[in-house]
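A short write-up of the structure that comes next.
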Amino acid sequence: MTEPRSAPTGGATALRATGLTVDFRGLRAIDQVDLELHPSEILGLIGPNGAGKSTLVNVLTGFQASAGTLVVDGTDVTGWSPRKIARHGVRRTFQNVRLFEEMSVYENIEVVALGLGVKMRAARSAVGEILDLTGLAEWADRPSGSLPYGLERRLGIARMLVAAPRYLMLDEPAAGLNEQESDELLELLRAIPERLGCGLLVIEHDMRLIMRLCHRLQVIDHGRVLAVGTPAAVAADPAVIEAYLGSPVGAGDAADH
Ligand SMILES: Nc1ncnc2c1ncn2[C@@H]1O[C@H](COP(=O)(O)OP(=O)(O)OP(=O)(O)O)[C@@H](O)[C@H]1O
């Protein structure tokens, strides 16, 4: 087992959030949260239901206003619209996949590329690359509405990848997947930063997946950062065990990149 790669620090090339704070009518959903995500890094965002994970990702992608600052690769994007932040390279998936069911898998990806102004020929080659990466090539001509659930989720990710994000946020990508599908997803998620160089932020309750996948974990509890560190360190943290994990997660589950 090799040690998880330690995240690079310093330098302008990173997504950096500082002091993020969101109030919903008297409820502080996130409270002075700092977060860093580096290119090629996989960061897991974990914590109990209602801890503030989705709210945090909403802020990072421009869907939720917040106090604090958000800087992406040296540009202050605080207060930018979701569309503008997406065009700046920060994209996300949602818990509910939204596909054009009557269109083929290929067309579902192509339409995103064309919508971004990519010319037809370049789009064709970009879609081909993403189909290969996501293991969807053999399904390319199928109507997306006929895909099994696990592949539907894959297509949701593929549609974001064709936009060549520098940072991609995935909200519970393993939700509803069985163990085998979750293992297949693990391979895909590992391949994305390796092949494309983008940073991945993954919200996930599937600890079996998250412990093996991530370089670092950030634990949120009651809107605050409870812990940040390698999966092994976080899994052994008594405060994290008490607030979220319930019992120590086996060391064998920790990342073995
Ligand atoms: N639009 C909203 N209006 C009011 N309260 C909200 C809103 N969105 C979230 N909340 C509240 O903010 C808190 C954080 O919610 P959030 O959905 O971010 O948590 P979460 O960690 O993503 O939870 P889960 O794991 O269940 O998805 C919760 O108490 C939630 O009820």
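Take 1 as the starting number for the sequence shown in full-length UniProt numbering and just add one per residue.
The C-beta atom is built at its ideal place from N, Cα and C for all residues, glycine as well.
Only a predicted model underlies this, so the values are computations on that prediction, with no experimental measurement involved.
Range covered by the beta strand (DSSP E) that runs through residue 241: Start at 1 with the first residue of the sequence shown, and residue 241 comes out as number 241. No beta strand (DSSP E) contains residue 241, which DSSP labels as neither H nor E.
Environment of ligand 1 in chain order, Cβ to heavy atom below 5 Å: 24, 29, 49, 50, 51, 52, 53, 54, 55
Where the beta strand (DSSP E) through residue 29 begins and ends: Taking the sequence shown and counting its residues from 1, the one referred to as residue 29 is at position 29. Unbroken beta strand (DSSP E) run through residue 29: 27-37.
Distance CB(residue 37)-CB(residue 202) smaller than 8 Å: For the purposes of this step, residue 37 is identified with residue 37 of the sequence shown, where counting begins at 1. For the purposes of this step, residue 202 is identified with residue 202 of the sequence shown, where counting begins at 1. No, Cβ-Cβ distance for residue 37 and residue 202 is not below 8 Å.
Span separating the alpha-carbon of residue 206 from that of residue 156: Residue mapping note: residue 206 aligns to position 206 of the sequence shown, counting from 1. Residue mapping note: residue 156 aligns to position 156 of the sequence shown, counting from 1. Distance between the alpha carbons of residue 206 and residue 156 is about 19 Å.
Residue 118 versus residue 164 - alpha carbon distance: For the purposes of this step, residue 118 is identified with residue 118 of the sequence shown, where counting begins at 1. For the purposes of this step, residue 164 is identified with residue 164 of the sequence shown, where counting begins at 1. Taking the straight line joining both Cα atoms gives about 11 Å.
Residue nearest to residue 175 in terms of C-alpha spacing, selected from 34, 109, 204: Counting from 1 along the sequence shown, the entry for residue 175 is found at position 175. With distances taken between Cα atoms, residue 175 lies closest to 204.
Residue 80 vs residue 62 beta-carbon contact at 8 Å: Translated into the one-based positions of the sequence shown, residue 80 becomes position 80. Translated into the one-based positions of the sequence shown, residue 62 becomes position 62. Their beta carbons are under 8 Å apart, which means residue 80 touches residue 62 by this criterion.
Buried versus exposed call for residue 20 [16 or more other C-beta atoms within 10 Å across all chains shown]: As a position in the sequence shown, residue 20 is number 20, starting the count at 1. Classification of residue 20: buried, given that the 10 Å Cβ count is 16 or more.
Residue 17, enclosing beta strand (DSSP E) - first and last residue: For the purposes of this step, residue 17 is taken as the residue at position 17 of the sequence shown. 15-24 is the span of the beta strand (DSSP E), which, as asked, contains residue 17.
DSSP-derived helix/strand/coil call for residue 54: Looking up residue 54 in the sequence shown gives position 54. It is helical.
Bounding residues of the beta strand (DSSP E) (the contiguous stretch that carries residue 169): Taking the first residue of the sequence shown as 1, we reach residue 169 at position 169. Taken as a continuous stretch (DSSP letters only), the beta strand (DSSP E) holding residue 169 covers 167-171.
Same chain, Cβ closer than 8 Å to residue 184, neighbours up to 5 away in sequence not counted: Numbered from 1 along the sequence shown, position 184 holds the residue referred to as residue 184. If we look at residue 184 and ignore the five residues flanking it on each side, its Cβ neighbours are 135, 150.
Rounded C-alpha distance that separates residue 186 from residue 88: If you number the sequence shown from 1, residue 186 lands on position 186. If you number the sequence shown from 1, residue 88 lands on position 88. Going from the Cα of residue 186 to the Cα of residue 88 covers about 27 Å.
Under 8 Å between C-beta atoms of residue 12 and residue 73: As a working mapping, residue 12 is identified with position 12 in the sequence shown. As a working mapping, residue 73 is identified with position 73 in the sequence shown. In contact: residue 12 and residue 73 (Cβ atoms closer than 8 Å).
Same chain only: Cβ atoms within 8 Å of residue 28, ignoring 5 sequence neighbours per side: Mapped onto the sequence shown, residue 28 falls at position 28. 21, 22, 223, listed in sequence order.
Between the CA atoms of residue 78 and residue 162 - distance to the nearest angstrom: By 1-based counting over the sequence shown, the position of residue 162 is 162. By 1-based counting over the sequence shown, the position of residue 78 is 78. When rounded, the distance between both Cα atoms is 25 Å.
Minimum C-alpha distance to residue 167 - residue among 177, 154, 86, 34: Within the sequence shown, the letter at position 167 stands for residue 167. Nearest C-alpha to residue 167: 86.
Proximity below 8 Å, CB of residue 216 to CB of residue 225: Counting from one through the sequence shown, the residue named residue 216 turns up at place 216. Counting from one through the sequence shown, the residue named residue 225 turns up at place 225. The answer is no: Cβ separation not under 8 Å.
Completely contained beta strand (DSSP E) runs for the region 167-207, where each covers 3 or more residues: 167-171, 199-203
Per-residue DSSP class, three states only, for residue 150: For the purposes of this step, residue 150 is taken as residue 150 along the sequence shown, with counting starting at 1. The answer is helix: DSSP assigns residue 150 an H, G or I state.
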